[in-house]
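Peer 1: For the sequence shown, our numbering begins at 209 and goes up steadily by one. Glycine is no exception: its CB is placed at the ideal position from the N, C-alpha and C atoms.
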Amino acid sequence: MAIIQTRGLSKVYTLGRNKEVVALNKVSMSIEEGEIFGILGPNGSGKTTCLKLLLGIIFPTEGEIEIMGENQYSVTAKKNIGFLPENPYYYDYLTGPEILKFYGKLFDMPASAISKRTDELLQLVGLYDARNLSLRHYSKGMLERIGLAASLINDPKILILDEPTTGLDPIGCKETRDLLIKLNQEGKTILLSSHFLSEVERVCTRIAIFHRGYLLTSGTLEGLLKEYQAANLEDLFVKAIERFDTSEQQMSV
Numbered sequence: 209m210a211i212i213q214t215r216g217l218s219k220v221y222t223l224g225r226n227k228e229v230v231a232l233n234k235v236s237m238s239i240e241e242g243e244i245f246g247i248l249g250p251n252g253s254g255k256t257t258c259l260k261l262l263l264g265i266i267f268p269t270e271g272e273i274e275i276m277g278e279n280q281y282s283v284t285a286k287k288n289i290g291f292l293p294e295n296p297y298y299y300d301y302l303t304g305p306e307i308l309k310f311y312g313k314l315f316d317m318p319a320s321a322i323s324k325r326t327d328e329l330l331q332l333v334g335l336y337d338a339r340n341l342s343l344r345h346y347s348k349g350m351l352e353r354i355g356l357a358a359s360l361i362n363d364p365k366i367l368i369l370d371e372p373t374t375g376l377d378p379i380g381c382k383e384t385r386d387l388l389i390k391l392n393q394e395g396k397t398i399l400l401s402s403h404f405l406s407e408v409e410r411v412c413t414r415i416a417i418f419h420r421g422y423l424l425t426s427g428t429l430e431g432l433l434k435e436y437q438a439a440n441l442e443d444l445f446v447k448a449i450e451r452f453d454t455s456e457q458q459m460s461v
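(1) Is it right to say P364 is buried, meaning 16 or more other beta carbons lie within 10 angstroms of its own, or is it exposed?
(2) Do you know offhand how far Q393's Cα is from F291's?
(3) Going by the beta-carbon positions, is the gap between N233 and R420 smaller than 9 Å?
(4) Which residue marks the beginning of the beta strand (DSSP E) containing V229, and which one marks its end?
(5) Which runs of the alpha helix (DSSP H) spanning at least 4 residues fall entirely within the region 276-309, listed in chain order?
(6) Please specify which runs of the beta strand (DSSP E), each continuous and at least 3 residues long, are wholly inside the region 339-370, giving them in chain order.
(7) Can you tell me which of T425, S359, L423, F404 puts its alpha carbon nearest to the alpha carbon of L332?
(8) Leaving out the 5 sequence neighbours to the left and right, which residues in its chain are closer than 6 Å to N362 when beta-carbon positions are compared?
(9) Measure the CB-CB distance between L248 and H403 and report whether it falls below 9 Å.
(10) From this set, K219, S238, V235, which residue's C-alpha is nearest V229's C-alpha?
(11) Keeping to the same chain, check which residues put their C-beta closer than 7 Å to that of G242; ignore five residues upstream and five downstream.
(12) Determine contact between the region 295-306 and the region 338-351, defined as no fewer than three beta-carbon pairs at a distance below 8 Å.
(13) Specify the secondary structure class of A321 as computed by DSSP and reduced to three states.
(14) Looking at E352 and G380, is the spacing between their C-beta atoms short of 9 Å?
(15) Taking all protein chains shown into account, do 16 or more other C-beta atoms lie within 10 angstroms of the C-beta of Y311, making it buried, or fewer, making it exposed?
(16) Between S406 and A416, which are expected to be in contact by the criterion C-beta below 8 Å, what is the C-beta distance as a whole number of angstroms?
As structure tokens, this is what we get:
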């Protein structure tokens with residue numbers, strides 16, 4: 209059963225007089241409940257635009273979005289979504305528990321529920337012993353983990369992550385990967401945007417490849433490797449983009 213679905217989703221930005229940029233072009237895809245779905249693509253391919261549209265942060269030029277049977281602006285849908293942006297901003301002088309309390313209040317959670325959830329999440333992301341430190345003393349990896357904890361404060365059914373391993377060392381990447389697998393096993397549907405192919409290959413149930421605003425292909429890794437006669441995800445990624453670029457060149461001749 210699809211928990212997220214898009215139909216002909218497009219986003220066009222107007223940049224001055226008679227100049228437009230197509231960030232997303234008629235994308236139709238579905239994400240099944242309980243899977244880890246990976247969105248891949250080069251910089252500028254439309255990945256982040258797609259996530260912002262799903263979250264209702266920006267408005268689509270055309271097309272439809274359905275999340276848990278509701279549109280993307282539904283309060284019910286939003287209460288069941290956790291989001292970690294690529295470059296989150298935090299108040300440096302707050303501690304981990306204080307930042308989680310802040311996000312909990314945004315969801316109108318009772319103080320007792322916030323307190324209980326905060327302890328659970330700090331334990332989950334391995335930051336309980338650092339609970340008295342202000343965020344300005346956090347490492348890059350610790351900031352990524354507190355961001356993940358903040359995205360989980362409302363115990364969401366859907367977790368949307370934009371480049372969650374950017375800037376992390378190999379140990380940090382493994383810890384994040386293991387945590388995502390654990391969360392998925394607990395029943396959370398995870399939508400993961402990344403350009404780290406190895407991380408996506410290890411955790412994702414299905415993937416989608418974006419390029420120049422188009423959804424080139426989507427499916428299970430095994431099925432796509434067979435379809436493109438690719439040796440691995442990197443090979444598949446390159447072949448999908450090369451096939452698209454070749455097709456575009458032929459059409460322009």
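Peer 2: The answer reads as follows:
(1) buried
(2) When rounded, the separation of the alpha-carbon atoms in Q393 and F291 is 18 Å.
(3) yes
(4) Looking at the DSSP string, the run of the beta strand (DSSP E) that includes V229 is 228-240.
(5) 283-287
(6) 366-370
(7) Looking at the Cα atoms, S359 is the closest of the given residues.
(8) F315
(9) yes
(10) Comparing alpha carbon positions, the residue from K219, S238, V235 closest to V229 is K219.
(11) G395, T397
(12) yes
(13) helix
(14) yes
(15) buried
(16) Actually they do not touch by this definition, with Cβ atoms about 17 Å apart.
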